[in-house]
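Input: a single structure, listed below in C-alpha cells.
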Ligand code: ARG
C-alpha cells in the first residue's frame, strides 16, 4: 500500500530495500521532544492567526501531549514505514484525535520542520557542552590551586625545557577549555534563528506569524531567507567543529595523563575509580579512560568530515542527503559529553605526586636558560654568547654525569671567568619558576592571580 502522508500520486508502496535506505526513524526518534514542541508552537500560531480553529489547535496540543507521554513511557510503536519522527508523530496524532491532526501540517513542510527540530537539539547540546566544560574547568582549577607552586619540568619536543609549576600546566588547559566553551557559545548564538515557516523552500501564502513561533521556541528571530532556512546545516557543522577542537584538547590532556601515570614518570596517580587492571599482569593499573578519550576523538573529527562531505555538493534547497546529518551529530555529541564527564572524573580524582614532579623538574639541565640569563644580567654578555657559554657548561656537566648546580665554581670559571658564586642562586628550580613573573608566566604569584580571575569568571 502507498504512504498515508504522501501516497496520493503512488499506486505501489516502496520496496523493502527502499524503506531500509529511506527510513531515519531508527535514530531521529531522538528528536521527538523537539518535534512535538515545534508542532505545538506551530498549531498555536495557526489558531492565533485564524488559519485553524481554536478547537482544532487544542485537540492537536492535547494529542501531542499524549504522544509525548507514550514516547516517554516507552509505549510508542515507531514504524519504519512512516520513515521519520515527523510522520510517526503525526500518524499517531491522527489515531488519537482524528481528522484535526491533518490540519497541523498546514503552511509547513518536513523541510522546515526537521531544520527546526535539529536546531533545537543542537542548541541544547551547545548548552550541555558548555556545562560539561565548566565542570572540567572547576576540576582543573582545584588541581591548579592545590599545586600552584609545585615545580615540574616543562617540555618542548617532550625534552626537558624549563621548570614550570603544576598549577601553570593545569591552568593552560583551563584556558583551552574556556575557548572551547566560547566557541559553543558563539555557535549557539548564531544558530538561534528559527527556520519554521520557511515551509518546503519558498515560504507560504498562509498568513502565518513566524515571529510568534520563533519566540515560542526560544529563538531570537525567524531566519530571513526561506531557501537558506531549509538548505543549510552550517549550525551542525559549527557544533561539530567546536566539538572537534574541544576533542583535540581532551585528547592532548589524555595523552599527558597516559605519559604522566606511567612508572617512568610517576607524575600523577589516577584513582582506582578511573583505572582498570590487567587479567594477566597483577601489578597493572591502566589509564583506560584517558586512552579511550584519546581514541574517541576520531569519531568526532570523523563526524565533522562526514557532514562537510555530505553538504559540499548540494544545490539549494533541500536534498535527502541532508538526512545523513543526524547520526553524525548524535554520535559526536554523545562522544563529546561522555569524554568531558570522564575527563572531569579523572582530573578530580587524580593525585599529583609532588616529590616526583620536583625531582623531574631539576633533571635534564632545566635551569640552563636561567644560567644564560644570569650571564646576560650579571656579567653583561650578549645573550647569544651567554647561550654558548651555558652550552659548554651543560656539556661539561653531562660529561661528568652531574646536574648544573653540582659543578664547582672553579669548573664554571674555567669556562667563563666572570662567573661568581652568585650564579648558584638561580640554578634551583624554585628560584627559576619564581623569577618568571611576566604576565601569564609560570611564577606562582602569576598562576594564583589567574586562578583567582577564573574563579570569579566561573562564579
Ligand atoms: N527525515 C527527513 C530528514 O531528516 C525529514 C525531511 C524530509 N523531507 C523531504 N522532503 N523528504 O531530512
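Residue numbers (full-length UniProt numbering): 6 to 464.
Beta carbons are placed, not taken as given, at the ideal position from N, Cα and C, and that holds for glycine.
Backbone CA spacing between residue i and residue j [nearest angstrom]
i           : j           : result
residue 153 : residue 42  : 48 Å
residue 94  : residue 104 : 14 Å
residue 144 : residue 352 : 6 Å
residue 435 : residue 404 : 25 Å
residue 457 : residue 178 : 15 Å
residue 397 : residue 159 : 22 Å
residue 38  : residue 335 : 15 Å
residue 67  : residue 98  : 9 Å
residue 194 : residue 33  : 24 Å
residue 92  : residue 10  : 7 Å
residue 87  : residue 322 : 23 Å
residue 28  : residue 318 : 22 Å
residue 344 : residue 372 : 37 Å
residue 461 : residue 292 : 32 Å
residue 368 : residue 449 : 20 Å
residue 128 : residue 189 : 9 Å
residue 44  : residue 60  : 16 Å
residue 346 : residue 126 : 20 Å
residue 132 : residue 192 : 10 Å
residue 281 : residue 324 : 46 Å
Close beta carbons around residue i, own chain, < 7 Å, minus the five adjacent residues each side
i           : result
residue 273 : 262, 265, 266, 355, 356, 357 and 358
residue 392 : 377
residue 381 : 388 and 391
residue 234 : 117, 120, 200, 203 and 228
residue 54  : 212, 213 and 214
residue 497 : Shown here, the chain extends from 6 to 464; a query on residue 497 therefore has no answer.
residue 90  : 30, 33, 34, 36, 37 and 40
residue 366 : 156, 157, 158, 168 and 434
residue 114 : 204 and 205
6 Å CB neighbourhood of residue i in its chain, flanking five on each side removed
i           : result
residue 248 : 305, 337 and 341
residue 447 : 169, 170, 173, 438 and 441
residue 150 : 456
residue 46  : 218, 221 and 222
residue 57  : 51 and 108
residue 140 : 349
residue 375 : 431 and 437
residue 418 : 424
residue 64  : 102 and 105
residue 302 : 252 and 256
residue 75  : 81
Helix, strand or coil at residue i [DSSP, three-state]
i           : result
residue 288 : coil
residue 118 : helix
residue 211 : coil
residue 226 : strand
residue 3   : Residue 3 cannot be examined here, being either before or after the span of the chain that is shown, 6 to 464.
residue 80  : coil
residue 159 : strand
residue 372 : coil
residue 333 : helix
residue 405 : helix
residue 328 : helix
residue 148 : helix
residue 281 : strand
residue 444 : coil
residue 439 : helix
residue 8   : coil
residue 44  : helix
residue 367 : helix
residue 469 : What the structure shows of the chain is the stretch from 6 to 464, and residue 469 is not part of that stretch, so it cannot be assessed.
residue 71  : helix
residue 22  : helix
residue 15  : coil
residue 317 : coil
residue 238 : coil
Sheet register partners of residue i (DSSP bridge)
i           : result
residue 273 : 357
residue 169 : 157
residue 164 : 161
residue 199 : 227
Same chain only: Cβ atoms within 8 Å of residue i, ignoring 5 sequence neighbours per side
i           : result
residue 310 : none
residue 445 : 451 and 455
residue 296 : 259 and 263
residue 62  : 48, 49, 51 and 52
residue 312 : 238, 241, 242, 245, 329, 330, 333 and 334
residue 361 : 270, 271 and 272
residue 111 : 51, 56, 57 and 211
residue 399 : 370, 373 and 409
residue 2   : No information on residue 2 is available, as it lies outside the stretch 6 to 464 that the chain covers here.
residue 216 : 226 and 227
### Task
Evaluate contact between the region 77 to 97 and the region 178 to 196, counting only Cβ atoms and requiring at least three cross-stretch pairs below 8 Å.
no
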